[in-house]
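Participant: Here it is: the structure, laid out below.
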Amino acid sequence: MLLHIMNAVTKKMNMIFRVLLKILVILTLLAGCSQKDVTPIAPEIIGEWETDIYISQLGNTISYYHFKEDNTFTSRLRLLHGNVELKGEGTFAFEDNNIVLTIKGKTYKEKYILEGDTLIFFDGPDFQIKHKKKQ
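Residue numbers (the working numbering): 7 to 141.
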């Protein structure tokens, strides 16, 4: 019984660590930065994108991105439990099927696809975050 509880606690702590790591990435968005040489933008991604409420490891969440023609973006992650909102900005470019976000001199690659007016980010092999283009 104790071993079962320990395994469950270990799994939960691993999930919490992954969530905290994602929060750290989002917090680095707050300072932003600039990048001189970027890959040309894909015009379809320019604009504002927002999710419906989805359940993340932190609870009910809404995420928002605004990609601009000058290869900059702003982002917002809203955690509905506790009404917490994290904002940030940085630059973006494209590499293969990845969007490359540069935040405070650090680079993060996110696999993505565009399906019509839906921008899908892949968070690991089993989780997709779907953003709808705002009109």
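Virtual Cβ for every residue (Gly too), placed ideally from N, Cα, C.
(1) Helix or strand or just coil, what does DSSP make of Ile52?
(2) Counting pairs of Cβ atoms below 8 angstroms between the stretch 102-117 and the stretch 86-93, do you hit three or more?
(3) Out of Asp129, Gly122, Gly96, which has the shortest C-alpha to C-alpha gap to Lys112?
(4) Please identify the residue among Glu56, Lys117, Gln63 whose C-alpha is closest to the C-alpha of Arg82.
(5) In terms of residues, what are the limits of the beta strand (DSSP E) holding Gly94?
(6) Taking Asn66 as part of the beta strand (DSSP E), name the residues at either end of that continuous run.
(7) What residues in its chain sit with their C-beta under 8 angstroms from that of Thr124, if we drop five residues either side in the sequence?
(8) Looking only at its chain, what residues have a beta carbon closer than 8 angstroms to the beta carbon of Ile52, apart from the 5 residues adjacent to it on each side?
(9) Could you give the residue range of the beta strand (DSSP E) that holds Asn104?
Facilitator: With the given structure in hand:
(1) Along the sequence shown, one-based indexing puts residue 52 at 46. Three-state result, Ile52: coil.
(2) no
(3) The sequence position of residue 112 within the sequence shown is 106, counting from 1. Ranking Asp129, Gly122, Gly96 by Cα distance to Lys112 puts Gly96 first.
(4) Counting from one through the sequence shown, the residue named residue 82 turns up at place 76. Here the closest residue by C-alpha is Glu56.
(5) Numbered from its first residue, the sequence shown carries residue 94 at position 88. Looking at the DSSP string, the run of the beta strand (DSSP E) that includes Gly94 is 90-101.
(6) Numbered from its first residue, the sequence shown carries residue 66 at position 60. Taken as a continuous stretch (DSSP letters only), the beta strand (DSSP E) holding Asn66 covers 65-73.
(7) As a first step, residue 124 is located in the sequence shown; it is residue number 118 there, counting from the start. Only Lys136, His137, Lys138, Lys139 meet the Cβ criterion.
(8) One-based indexing of the sequence shown puts residue 52 at position 46. Here the set comprises Phe73, Lys74, Glu75.
(9) Within the sequence shown, the letter at position 98 stands for residue 104. Note, Asn104: beta strand (DSSP E), 104-109.
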